[in-house]
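Going by this note's numbering, the sequence shown wraps up at 896, each residue one higher than the last.
Think of the CB as a built atom: it goes at the ideal place given N, C-alpha and C, for glycine as much as any other residue.
Worksheet for the structure shown next.
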Amino acid sequence: MKTVLKYLLLISTLVLYNCTDPSSTAKTVWDTIPQNSTSVVKTENFNNFLAALKQDNSQESIATNGIAEILKSENLLQYFNPSDETLIAITSKGDFSIHTKWADSLLKIDSLPNRLIETLKIEKFEFQKITVDDAILFSAIKDSIYILSSSQQHLTTLMRNSINIQPALNSINKAVVDSTAIFTKHIKNNPLNDSLSFGSYWEGYAYTTDNDLFSAHGILKSNDTLPYFIDSFKNQKPQPITIPQVLPVTIDGATIISFSDSVQLLKSSEKVSIAQSTFFETLQEFASGTVGTDSFVVAKSLDASLSLESIEMYLTENVDYRGVMLYTIQEDGDFINNKVSVLNISEELNTLFRIENYLIATSSVTAAEDYIRALQASIVLAKDQNYIALQNVLSNAATIVYIGRNNISNDILVTTFEPNRNNNTNRKGLLTVKQLIVEKDYANVALASIKEQKSNAPQIPVSQISEIDIPNTILGKAIFLNNTSSKKTNIITQDIENTLYAFSDNGTKVWSRNFDNPVLGEITVIDLNKNRKQQLAFTTKDGFYVIDNRGKDVAPFPIRFKDEVTQPLSVFDYDGNRKYRFLVVQGKEVLMYDKKAKTVKGFTFKKTKNTIASSPKHLRLGSKDYILITEDTGKINFLSRTGKSRISVSDKFDISEDGIHKQGTQFAFITKKNEQVTISQSGKIQRKKLDGAGQFRLDTENNLIVLLNDNILNIDGKIIELPFGIYTAPHIHTSNKNTYITVTETQENQVYVYDSTGRLLEGFPVYGTTPAVLYRTTAKKLQLLTLGNDKQLLLYQIN
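What follows is the structure, encoded as structure tokens:
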């Protein structure tokens, strides 16, 4: 084909050079294009157009791939110099022709290669046949229009036919006024067309390329009326397209329709068998698509409760997944196919769920769970940087939208620009969106396509790594533990059957161990031998345990007790040198042990007058260490390392569950009556009544103070208004010199993470039902651990 083009100009030159100057009345160049044309390119600067093709810009060739195969000549087309509008047409049989107005300056005739030129006369028409090597082209002049063709028969037909008027094409050409544009004809029932074609019609586009982004805008029109599918929407007002907000970023493709009058749409559609449908009447947007081997349908409702109620006879409650009820669609529940067959939905859909105003049906329970995870993690198409780039050159409102990547993207592009050509075009790595805005007798069309480079790939700031299911209900807070054997981080949790588990970050069980009694409170990670091999320290009601990262006891532990242990284990590392002190509480008594499981004789404090209310706590203020032991009467004991009293305070306090914190050089806490209390190291007490309806929650670290009251979060004086809900206490985490604040809303199950300046980290909130644990792994990755439900751990990575 390149050889043919190579000599395209040569043929033209010789023809014009040897022919008589035509003087007949000039016709428009559009009147001479073949009746069976399926692709036409219009350009007012042929040389610039050809130069752009020679650059081999794959995005540029999206619109001109078929014609580029013909026009990418290396040598001789430089002689072709049309000054007027030029058309390049390809027919359904693969013949091509070039049309432009004849002029003296059209061709240069100097230094032409060897050629054989023959003058042919067929019927009353005179042609030139030019042969260069094995390449043959034909040329003629018709009413001052110069025509080149690859086929003698094709050119003869063109000369024989009367003026070729195609109303739809002419109308689109007048609307697409850009100097370069492409027009494609879609032929009804052509086997090469896919489901995006709905009858015979023309599309015309002006297009631009900006680096990796290709965009085209134009018109779709038929010679008679709109294609039947599109004609169904001619009385609908385009609506804002919102469904991409609930499409997983990993979709392969989707078709979206929007409508302002669902009843009218049902009546005007040839395929809808049910004219009136309460289900469909409540909708304003609809989509179908695929993710891998799974299919889905999304319906946006004006009243999701009413929509769900209208189809409840087809649904059976199956299971609650992450707070979302999954319904099984009964075998006779063909309401989707029957009532929205305007989308040609043929997939088997068996699971349905609701997310806000959207009803989503999937082809399996697993697909529904994957879908929900993506939505709850906000990993959706609308937040994909590639999609955002496309939307910047498209409309926010449309009637019909096609979205595709890879193979489906290729289908959209081929169907748009090469609908009737057999070709093997396969453009990979593209995300493409095509929009139609249907008017009375035509449709405005826009298309944009972008290369999905890694730098532009979906930026997912928070990704779920694993979902770990436990046989029984989880008890207490899970923690992280470095596994020196695998050089990875394990997740430690326990269940109500007193089984302690260790899982890898991919959800694989590393070990499990059963105990006679549950762990009290939180498990503490220690490095008993100062060799970076971590252990777990905790108490049950009858023992004090230290176990290694294989779940085995570390000698000389455990320590067994006859008297019941009543509080979680306290672990003190006064100077950060891993010379641990372990405090065990039994009612009123306090026992202190060292790393060898020996009681510390230097600790003289033995017992309180009343039952100890919480685990002892260590705080360092300035250069002094304080051990705080609170009794159930509200008395606070301020002790030194040796157990001697450091501060005498006679007042008693009803301390909230957040306990006592360090605030500068003072002790601070909040009472259950919302009093903020500070106690100096000299014993001076200050009280401040906090204004707020609910219980205030407090956490502090160094000089950072975090308060939460209802939905008002105060991070070091910066006020953040959270969505209304019920929140867990804020918790401060320090990792690699960075400070983070986490809080969890327990009704919508949303985990928030802020930095110390009060900035919400990108990608949050994420789904979670419990307070979060942050940890920087051995691979220097920041991970977040929470629960998905009472039997499931969720592990996220903050990228």
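Residues near residue i in its chain [Cβ-Cβ closer than 6 Å; skip 5 each side]
i, result
"Phe403", "In the sequence under discussion, the amino acid at residue 403 is Leu, which differs from the Phe named in the question. Around Leu403: Thr379."
"Leu597", "Gln591 and Arg610"
"Lys574", "Glu619"
"Asp722", "Tyr671 and Arg738"
"Phe222", "Met256"
"Ile509", "Tyr499, Gly501, Thr529 and Lys531"
"Phe861", "Tyr849 and Val850"
Terminal residues of the beta strand (DSSP E) in which residue i lies
i, result
"Ser832", "His828 to Ser832"
"Glu215", "Leu213 to Ile219"
"Thr586", "Lys585 to Asp592"
"Ile812", "Ile809 to Ile812"
"Lys898", "The displayed coordinates of the chain run from 98 to 896. Any statement about residue 898 would go beyond what the structure contains."
"Trp608", "Lys606 to Asn611"
Residue i classed as buried or exposed, judged by whether at least 16 other C-beta atoms fall within 10 angstroms
i, result
"Lys531", "buried"
"Glu215", "exposed"
"Asn308", "exposed"
"Tyr671", "exposed"
"Ser246", "buried"
"Gly791", "exposed"
"Phe735", "buried"
"Ile823", "exposed"
"Phe700", "buried"
"Thr739", "exposed"
"Arg678", "buried"
"Pro337", "exposed"
"Gln263", "buried"
"Ile371", "With a pLDDT of only 42 at Ile371, under 50, the local geometry of the prediction cannot be trusted, and no value is derived from it."
"Asn447", "buried"
"Lys537", "exposed"
"Asn846", "buried"
DSSP-derived helix/strand/coil call for residue i
i, result
"Ile279", "strand"
"Val346", "coil"
"Ile269", "helix"
"Ala464", "helix"
"Ala494", "strand"
"Asn787", "The sequence as given places Leu at residue 787; Asn does not occur at that position. Three-state DSSP puts Leu787 in coil, outside helix and strand."
"Ile408", "coil"
"Tyr837", "strand"
"Leu456", "strand"
"Ile338", "coil"
"Gln473", "helix"
"Leu625", "coil"
"Ala599", "strand"
"Ala694", "coil"
"Phe224", "strand"
"Ser667", "strand"
"Val360", "helix"
Enclosing alpha helix (DSSP H) for residue i [first to last residue]
i, result
"Thr886", "Rather than Thr, the amino acid found at residue 886 in this sequence is Asn. Note, Asn886: premise wrong, no alpha helix (DSSP H); beta strand (DSSP E) at Leu879 to Asn886."
"Thr705", "Per DSSP, Thr705 belongs to no alpha helix (DSSP H) and is neither H nor E."
"Asn483", "Gln482 to Gln488"
For residue i, the residue or residues it bridges with in DSSP
i, result
"Gly386", "Ala351 and Phe393"
"Ser246", "Ser194 and Phe235"
"Val138", "Ile185 and Ile279"
"Ile644", "Leu633 and Asp650"
"Ser546", "Phe311 and Thr529"
"Lys714", "Leu725"
"Arg502", "Leu528"
"His898", "Only positions 98 to 896 of the chain appear in the structure, and residue 898 is not among them; the question remains open."
"Ser319", "DSSP output for Ser319 lists no bridge partner at all."
"Ser398", "Leu380"
"Ala540", "Leu317 and Val535"
"Asp796", "Val803"
Contacting residues, own chain, Cβ-Cβ under 7 Å from residue i (five flanking each side not counted)
i, result
"Thr730", "Asn707 and Lys749"
"Phe654", "Phe641, Tyr642, Val643 and Ala694"
"Phe600", "Ile565, Asn587, Ile588, Lys606 and Val607"
"Ile809", "Ile816 and Glu818"
"Arg451", "Ala401 and Leu405"
"Ser355", "Pro335, Gln336, Ile338, Gln381, Glu382, Ala495 and Thr496"
Cβ-based neighbour list, residue i, same chain, cut-off 8 Å, excluding 5 preceding and 5 following
i, result
"Thr797", "His758, Lys759, Gln760, Ala765, Val803 and Ile829"
"Gly389", "Thr347 and Asp349"
"Ser560", "Ala474, Ile476, Tyr893, Gln894 and Asn896"
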